[in-house]
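The structure appears right after this line, and notes come after that.
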Amino acid sequence: MKVKVGLFGLGDMLKFKHLGDNREKAIEEASEQELPCSYKANDIARLYHPYKQYLIIKDIIKENEDTKSFILVADKSKQKELAPFKAGSYLSIYVHDKDNSLLSRTYSIVSSPKEVFDSNEGFYKITIKRVDNGALSNFMLDKATIGMKLESSEPGGFLTYNSLRDSKNVIALAGGVGITPFVSMAKAIVEGIEDFNLTILYGVRTSKDILYKDELLDIINKSNNKVKVIHVFSDEKLDNEEHGFITSELISKYASKFSDNSNYSIFVAGPTLMIDNLRNNELPKLNLLPKYIRIENSPLYLDGDSNVYNIKIITKGKEPLVIKAKGNETILEALERNNVMIRSKCHLGGCGYCRSRLIKGEYASTKYLKLNEVDKKFNYIHPCCSYPRSDLEIEVFEY
Amino acid sequence: MNSFDCVVIGAGNGGLIASLRLAKSGKKVLLVERHILPGGFATSFSRGRFNFEASLHELCDFGHEENHGNLYTLFKELDLLDKIEFVDVPEAFRVISLSNKEDDYVMPFGIENFINKMEEYVPNSRKSMRTFFELGKEIQDAMRYLNEAKGHPDSKVLMKKYPNFMRVAPYNVDPVLNAIKMPKKAQDILNTYWSYLGAPSSKLGFIHYCIMVYLYVSLKAQIPTKRSHNISMTIADEIIKNGGTIYYGREVDEILIDKDKNEVKGVVLDDGTIINTKHVISNASPHSVYGHMIKDTNLIPKKALQRANFSTLSGRGFSLFLGLNKSKEELGLKEYSYFIYNSLDSNKEFESMHNINNTSQVVVCLNNALPNASLKGTTILYFTSLFFGDCFDKALTKENYFELKDKLAKNFIKTFEKATGVEITPYIEEIEVATPLTYAHYTDSPDGTIYGYLTADLDNMMPRLMRMYNEDYINGLKFCGGHAMRSSGYNSSYLSGDLAAKFTLGDLKKDN
Numbered sequence: 000m001k002v003k004v005g006l007f008g009l010g011d012m013l014k015f016k017h018l019g020d021n022r023e024k025a026i027e028e029a030s031e032q033e034l035p036c037s038y039k040a041n042d043i044a045r046l047y048h049p050y051k052q053y054l055i056i057k058d059i060i061k062e063n064e065d066t067k068s069f070i071l072v073a074d075k076s077k078q079k080e081l082a083p084f085k086a087g088s089y090l091s092i093y094v095h096d097k098d099n100s101l102l103s104r105t106y107s108i109v110s111s112p113k114e115v116f117d118s119n120e121g122f123y124k125i126t127i128k129r130v131d132n133g134a135l136s137n138f139m140l141d142k143a144t145i146g147m148k149l150e151s152s153e154p155g156g157f158l159t160y161n162s163l164r165d166s167k168n169v170i171a172l173a174g175g176v177g178i179t180p181f182v183s184m185a186k187a188i189v190e191g192i193e194d195f196n197l198t199i200l201y202g203v204r205t206s207k208d209i210l211y212k213d214e215l216l217d218i219i220n221k222s223n224n225k226v227k228v229i230h231v232f233s234d235e236k237l238d239n240e241e242h243g244f245i246t247s248e249l250i251s252k253y254a255s256k257f258s259d260n261s262n263y264s265i266f267v268a269g270p271t272l273m274i275d276n277l278r279n280n281e282l283p284k285l286n287l288l289p290k291y292i293r294i295e296n297s298p299l300y301l302d303g304d305s306n307v308y309n310i311k312i313i314t315k316g317k318e319p320l321v322i323k324a325k326g327n328e329t330i331l332e333a334l335e336r337n338n339v340m341i342r343s344k345c346h347l348g349g350c351g352y353c354r355s356r357l358i359k360g361e362y363a364s365t366k367y368l369k370l371n372e373v374d375k376k377f378n379y380i381h382p383c384c385s386y387p388r389s390d391l392e393i394e395v396f397e398y
Numbered sequence: 000m001n002s003f004d005c006v007v008i009g010a011g012n013g014g015l016i017a018s019l020r021l022a023k024s025g026k027k028v029l030l031v032e033r034h035i036l037p038g039g040f041a042t043s044f045s046r047g048r049f050n051f052e053a054s055l056h057e058l059c060d061f062g063h064e065e066n067h068g069n070l071y072t073l074f075k076e077l078d079l080l081d082k083i084e085f086v087d088v089p090e091a092f093r094v095i096s097l098s099n100k101e102d103d104y105v106m107p108f109g110i111e112n113f114i115n116k117m118e119e120y121v122p123n124s125r126k127s128m129r130t131f132f133e134l135g136k137e138i139q140d141a142m143r144y145l146n147e148a149k150g151h152p153d154s155k156v157l158m159k160k161y162p163n164f165m166r167v168a169p170y171n172v173d174p175v176l177n178a179i180k181m182p183k184k185a186q187d188i189l190n191t192y193w194s195y196l197g198a199p200s201s202k203l204g205f206i207h208y209c210i211m212v213y214l215y216v217s218l219k220a221q222i223p224t225k226r227s228h229n230i231s232m233t234i235a236d237e238i239i240k241n242g243g244t245i246y247y248g249r250e251v252d253e254i255l256i257d258k259d260k261n262e263v264k265g266v267v268l269d270d271g272t273i274i275n276t277k278h279v280i281s282n283a284s285p286h287s288v289y290g291h292m293i294k295d296t297n298l299i300p301k302k303a304l305q306r307a308n309f310s311t312l313s314g315r316g317f318s319l320f321l322g323l324n325k326s327k328e329e330l331g332l333k334e335y336s337y338f339i340y341n342s343l344d345s346n347k348e349f350e351s352m353h354n355i356n357n358t359s360q361v362v363v364c365l366n367n368a369l370p371n372a373s374l375k376g377t378t379i380l381y382f383t384s385l386f387f388g389d390c391f392d393k394a395l396t397k398e399n400y401f402e403l404k405d406k407l408a409k410n411f412i413k414t415f416e417k418a419t420g421v422e423i424t425p426y427i428e429e430i431e432v433a434t435p436l437t438y439a440h441y442t443d444s445p446d447g448t449i450y451g452y453l454t455a456d457l458d459n460m461m462p463r464l465m466r467m468y469n470e471d472y473i474n475g476l477k478f479c480g481g482h483a484m485r486s487s488g489y490n491s492s493y494l495s496g497d498l499a500a501k502f503t504l505g506d507l508k509k510d511n
């Protein structure tokens with residue numbers, strides 16, 4: 000076999016020998032200009048996915064006895080703009096309490112995605128309800144003041160609408176403060192950012208517990224029939240209002256009211272008791288495919304171990320640190336109580352941000368833990384949903 | 000304490016292998032990775048019931064014990080083989096043209112099978128196809144010789160043993176395929192893999208393309224059973240077991256240069272920690288290193304800037320990941336990889352990828368290689384495409400990103416359905432879209448490019464390899480990964496990491 004490309008094979012051979020020299024010449028002729036230090040895609044990537052956001056409480060609104068909303072704006076000395084988000088997302092909020100220990104929890108964003116770009120000053124609004132013994136909720140309700148600085152994660156979460164995946168008709172099942180992601184969605188629909196029909200079945204104890212009553216009324220009126228809210232009162236009987244808990248029958252009743260009643264998606268946010276009841280008892284009766292059910296879980300707690308353990312923390316490039324951890328607090332909480340800040344986001348065990356390496360010891364995780372096979376094999380854990388069950392040694396990746 | 004023989008920037012495929020080679024050679028190596036995961040693009044992620052592969056379509060140059068390639072040899076040398084399970088991909092590819100319905104071809108692995116199938120599709124292509132694969136074999140042998148000659152090949156040996164290699168080496172794909180009189184239609188089908196290298200047949204070096212096709216067809220392609228994340232995690236674990244150090248979640252902010260000696264003297268991490276080292280292997284691109292890691296730009300030799308400016312940033316990544324709630328049988332998805340183009344002319348295709356509305360795509364149905372890649376009754380499908388130039392930036396604003404992702408996803412899915420006649424939209428249970436912005440976010444690759452520098456003309460793999468001994472501009476600073484001497488792709492990146500480590504080992508010997 001003899002392959003010739005040029006007219007003369009020998010010329011090709013010389014050409015080959017000169018290939019390197021020709022490259023060298025071309026490099027010598029290239030520009031000497033400095034290389035760019037930024038690129039548009041990389042800059043916008045940093046806007047959408049900041050490692051950490053630096054925020055200031057601009058306003059505090061009392062919603063009811065044990066619920067307050069917080070308007071959060073960018074701390075301009077640290078960051079110019081807020082990370083944009085899809086309606087239904089949450090932020091993980093980090094604050095330092097008086098002992099300088101760190102507290103973090105996730106809260107759904109209740110403001111509209113558009114309000115991040117507000118020409119006056121972009122903001123997020125979050126709503127926090129007091130939780131018995133809830134460290135961060137009590138701190139925020141009792142001690143947070145206007146002007147206080149706090150930090151947050153980038154927006155995250157999967158309780159967001161996707162027109163390729165979800166039905167055009169969505170029934171939202173909200174319990175208590177679980178209404179917040181759906182308020183954001185409803186606003187996004189009115190503003191034309193999202194386009195789907197949203198019927199919210201809003202479970203509350205009594206009419207006094209309704210959050211965003213006027214705001215939701217206003218949204219409904221402006222929504223061109225796309226947004227509907229049905230209150231479901233558990234502890235109060237009112238004329239022409241639903242009473243009891245959210246059941247499959249109730250869901251079917253309102254699902255049949257979509258003008259095109261072919262199918263629907265169910266989005267759920269609320270307290271664990273409500274979610275468990277829906278997941279185990281009510282939703283299975285509807286025979287929906289898994290793709291039509293999206294549930295945002297609330298954190299689970301593993302009680303029952305009141306022992307105190309030692310956790311040895313390895314951070315590469317630093318001296319090891321030993322902290323005390325209780326058997327009834329997550330490893331993440333123990334780290335934060337000792338002011339060790341690692342990346343974290345969902346606080347449920349699914350997003351992988353807090354992924355750390357277990358070197359030694361026993362632990363227990365909640366049922367929401369999601370860890371792929373490979374990470375399991377290499378002994379990785381998600382501290383946000385894992386509790387110590389012996390002394391531990393772990394490697395963490397600090398902020 | 001804070002002193003290392005070598006600091007490796009970035010735990011992408013190149014950086015991982017470079018670190019492992021150095022650690023296994025007894026060197027004190029520090030690998031710094033900005034993300035908390037190793038792998039760069041080589042990773043996996045979960046949505047709902049699905050565990051998606053983030054980037055790998057198929058490994059090239061791997062194979063099996065009885066018939067294997069360089070990557071297999073490398074993994075064997077580094078004791079990785081028995082730690083990762085691989086399976087074969089079922090067929091070479093199916094290629095479909097949107098503009099001509101008759102252009103729909105499924106090609107098998109195995110040289111004889113491939114040639115026979117081509118003859119079926121394109122009568123009288125057999126002779127030229129055979130020549131093509133014979134060239135592939137000669138190129139493989141010649142490359143092995145060049146590698147052994149370490150930059151000083153004997154031209155008499157080359158002329159005597161590898162004359163065809165020498166005659167085709169200076170040319171791009173098109174002129175050589177024309178010279179061996181391959182029918183145009185056979186060229187079009189054969190050129191299907193062009194998008195794996197991200198440059199059209201008029202710009203892509205023949206050597207590079209020919210050897211890739213030869214390796215795929217002769218060795219078949221493999222994938223790991225537990226996603227590329229398992230490869231990355233296994234290499235990272237081996238680095239640590241061999242005494243190496245990995246800092247995750249940390250970035251190298253600055254490379255310190257000794258001005259008088261024009262040599263590396265250390266790096267500064269994002270928390271201000273100074274690490275002393277005389278050797279840096281950067282998996283981050285020269286664009287990133289010269290663009291922001293050397294703060295005093297006067298310390299960057301003019302030639303280094305020229306070298307970086309000589310290259311063009313390659314394709315910018317777009318991927319779409321779908322978890323479907325039907326089995327591949329129910330859907331009617333028979334192939335593993337679908338190459339769907341507007342036309343089979345790679346040069347036209349390349350031009351059209353400068354347009355944001357272009358939907359040319361390579362789609363992998365993972366379950367066709369790994370039946371248990373997802374739960375029974377479900378299927379994983381992932382799409383990959385490239386945007387060239389600034390069309391993505393022009394379409395993107397600060398406010399419209401989510402909207403843009405939805406629009407692009409819809410377009411790509413529509414094209415797949417049209418080309419294959421398979422309806423998938425009603426069965427989407429999970430969907431995730433990765434754009435250049437996503438790749439920029441996870442790796443900080445400039446512009447969210449995923450293929451390093453464009454392998455075009457004098458920046459093809461062959462000229463890069465020929466000059467790799469001469470393109471050090473700052474002493475102690477080497478590059479690996481898609482921007483380096485072997486260009487992009489999993490196997491090239493892994494092999495480039497090994498080369499960079501070996502060069503550094505040579506330099507370390509001289510230090511002593």
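Taken in sequence, the protein lines are chains X and L. Mapping the first sequence onto numbering that gives the first Met the number 0, position 218 (from 1) lands on 217, and the numbers just tick up by one. Mapping the second sequence onto numbering that gives the first Met the number 0, position 210 (from 1) lands on 209, and the numbers just tick up by one. A virtual CB, placed ideally from N, CA and C, is assigned to each residue, including glycine.
C-beta contact flag for residue i and residue j at 9 Å
i	j	result
X:I245	X:E281	yes
L:V363	L:E147	no
L:G38	L:G480	no
X:L288	L:E428	yes
L:K277	L:D510	yes
L:G496	L:G197	no
Separation of residue j from residue i, as counted between CA atoms
i	j	result
L:A408	L:V432	7 Å
X:E33	L:F309	12 Å
X:L149	X:D96	11 Å
L:D173	X:R342	50 Å
X:L368	L:R125	56 Å
L:K180	L:S127	6 Å
L:A17	L:D471	17 Å
L:K347	X:K376	46 Å
L:N163	X:L9	11 Å
Where residue i sits in the DSSP three-state scheme
i	result
X:I358	strand
X:K212	helix
L:D103	strand
L:I179	coil
L:N474	strand
X:K61	strand
X:N378	coil
X:P180	helix
L:F5	For the record, residue 5 of chain L in the displayed sequence is Cys; it is not Phe. Here L:C5 sits in strand by DSSP.
L:G14	helix
Heavy atom of the ligand NAD within 8 Å of residue i beta-carbon
i	result
X:K323	Inclusion of the ligand NAD in the displayed structure is not the case, the ligand content being empty and no account of it being possible.
Legend entry - Where the segment 225–243 of chain L meets chain X: residues whose CB sits under 8 Å from a CB there: K225, R226, H228, N229, M232, D236
Inset, instruction - Could you name the residues of the segment 399–411 of chain L whose beta carbon sits closer than 9 Å to any beta carbon of chain X, in the order they occur along the chain? - result: Y400, F401, E402, D405, A408, K409
Inset, instruction - Would you be able to state if there are at least three C-beta pairs under 8 Å between the segment 39–59 of chain X and the segment 354–371 of chain L? - result: no
Inset, instruction - May I ask you to list, following chain order, the residues of the segment 158–188 of chain X that have a beta carbon less than 7 Å from some beta carbon of chain L? - result: N161, S162, L163, R164
Legend entry - Members of the segment 442–467 of chain L near chain X, C-beta cut-off 7 Å: Going along the segment 442–467 of chain L in chain order, one finds D443, P445, D446, G447, L457, M461, P462, M465, R466 with a Cβ nearer than 7 Å to chain X.
Inset, instruction - Flag this pair as touching only if the segment 453–469 of chain L and the segment 395–402 of chain L have three or more C-beta atom pairs under 8 Å; answer yes or no. - result: Flag = no, the segment 453–469 of chain L and the segment 395–402 of chain L do not touch.
Legend entry - Against chain L: residues of the segment 40–65 of chain X by CB proximity under 7 Å: A40, N41, I43, A44, L46, Y47, H48
Inset, instruction - Could you run through the segment 469–501 of chain L and flag, in chain order, every residue whose CB is less than 9 Å away from some CB of chain X? - result: N469, E470
Legend entry - Cβ contact (3+ pairs, closer than 8 Å) linking the segment 237–244 of chain L and the segment 21–36 of chain L: yes
Inset, instruction - Please determine if the segment 260–269 of chain L and the segment 284–291 of chain L are in contact, where contact requires at least 3 C-beta pairs separated by less than 8 Å. - result: With a cut-off of 8 Å, the segment 284–291 of chain L and the segment 260–269 of chain L do not count as touching, because too few Cβ pairs lie within range.
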